[in-house]
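What follows is a set of notes on a single structure, which appears directly below.
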Amino acid sequence: MALVHPAYGRLRQVTENAAVMLAENPSVMSLEGTNTWILRAPGADECVVVDPGPLDEAHLARVAQVPVAATLISHRHFDHTEGAGRFAELAQCPVHASSPDHRYGGGSELSDGDVVEAAGLRIRVLATPGHTADSLSFVVEDDRSVLTADTILGRGTTVLDDTDGDLGDYLSSLRTLIGLGQGYTVLPGHGPELADLETIARDYLAHREQRLEQVRAAVRALGEDATARRVVEHVYADVDRSLWGAAEKSVNVQLEYLRSFA
Numbered sequence: 001m002a003l004v005h006p007a008y009g010r011l012r013q014v015t016e017n018a019a020v021m022l023a024e025n026p027s028v029m030s031l032e033g034t035n036t037w038i039l040r041a042p043g044a045d046e047c048v049v050v051d052p053g054p055l056d057e058a059h060l061a062r063v064a065q066v067p068v069a070a071t072l073i074s075h076r077h078f079d080h081t082e083g084a085g086r087f088a089e090l091a092q093c094p095v096h097a098s099s100p101d102h103r104y105g106g107g108s109e110l111s112d113g114d115v116v117e118a119a120g121l122r123i124r125v126l127a128t129p130g131h132t133a134d135s136l137s138f139v140v141e142d143d144r145s146v147l148t149a150d151t152i153l154g155r156g157t158t159v160l161d162d163t164d165g166d167l168g169d170y171l172s173s174l175r176t177l178i179g180l181g182q183g184y185t186v187l188p189g190h191g192p193e194l195a196d197l198e199t200i201a202r203d204y205l206a207h208r209e210q211r212l213e214q215v216r217a218a219v220r221a222l223g224e225d226a227t228a229r230r231v232v233e234h235v236y237a238d239v240d241r242s243l244w245g246a247a248e249k250s251v252n253v254q255l256e257y258l259r260s261f262a
């Protein structure tokens, strides 16, 4: 008999203003699944949804049980966006996103510095590119929390997408999150919530800089024309091989970063 993750299908309150519904789409990349966040101030009749997740009718219907004022998309990856069009129909709400490809129901563009006022909250849009070019985080000052999507995960480290990810942007985004200061709760796109965003972002920055130095050393040892796969075999020898495919994406981005300074 298959085990069922205890959080699937259950709305879990995390902060005063944020609850999470875990989508049942576990994978190496999405950990236990995608976190769909439901934001509203105490007593508010409507909510704001962040990342409806996969096209899973049962999941989307559960999320849509509370009237939805607006839906926000953190970035383009399908595990966050696949269900967005269907969710706009179910919840009869606009879906706002950076890319027009993920706007539905009359949704508008989300850009750095925008403020979404709905469900009794002020939600500030913060551009945090690097994982993807369009990655956004959402700052809820009301309870000092930040929805970091895949820029910071609840467990492990972020994979940089070698389609449009950028290491320089990612390092800058981590510094931007550090600059918010102490006392913010991390509400990630995958994995559990974390205390103290500043500490976590500093750890992420240190880890990424350490990995970059390891990649730099591998290139010196293997030669300037070393492929990402050879670098992964050299740097990630102690990591489970099932994760090497994801690591190769990040290494591609790191190699591009290093070669831009050559």
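Using UniProt numbering, you'd call the opening residue of the sequence shown number 1 and step up by one each time. Think of the CB as a built atom: it goes at the ideal place given N, C-alpha and C, for glycine as much as any other residue. On a predicted model such as this, the values are computed, not experimentally measured, just so you know.
Query, Result
"Presumed contact (8 Å Cβ cut-off) between Ser-172 and Asp-134, rounded CB distance", "Between Asp-134 and Ser-172 the Cβ distance is about 15 Å, and since that is not below 8 Å, they are no contact."
"CB of Ala-84 within 9 Å of CB of Thr-71, strictly", "yes"
"Integer Cβ distance of His-207 from Tyr-170, believed to fall under 8 Å", "Contact flag wrong, Cβ pair sits at about 12 Å."
"Nearest neighbour of Val-28, chosen from Leu-180, Glu-57, Leu-255, Ser-242 [CA to CA]", "Ser-242"
"Buried or exposed by the 16-neighbour rule on C-beta atoms within 10 Å, applied to Gly-107", "buried"
"Sheet register partners of Asn-252 (DSSP bridge)", "Answer by DSSP bridge pairing: none, since Asn-252 is not bridged."
"Residues near Gly-120 in its chain [Cβ-Cβ closer than 6 Å; skip 5 each side]", "Ala-41, Ala-44"
"Whole-Å CB distance - Leu-55 paired with Glu-82, under 8 Å assumed", "5 Å"
"Own chain residues within Cβ distance below 7 Å of Asp-164, not counting five before or after", "Thr-132, Ala-133"
"Alpha-carbon to alpha-carbon, Asn-17 and Ser-145", "9 Å"
"Of the listed residues Ala-221, Leu-177, Pro-67, nearest to Pro-203 (C-alpha basis)", "First, the amino acid is wrong: residue 203 is Asp here, not Pro. Checking every option, the nearest Cα to that of Asp-203 belongs to Leu-177."
"Residue span of the alpha helix (DSSP H) that contains Leu-147, given as start and end", "Where Leu-147 is concerned, there is no enclosing alpha helix (DSSP H), although the beta strand (DSSP E) it sits in stretches over 145-149."
"Glu-117 - containing beta strand (DSSP E), residue span", "115-118"
"Ala-64 versus His-102, Gly-9, Asp-240, residue with shortest Cα-Cα distance", "Gly-9"
"Inside the segment 179-207 only - beta strand (DSSP E) runs reaching at least 3 residues", "185-188"
"Beta carbon of residue 295 nearer than 9 Å to that of Val-20", "This structure gives no information on residue 295, because the portion of the chain shown stretches from 1 to 262."
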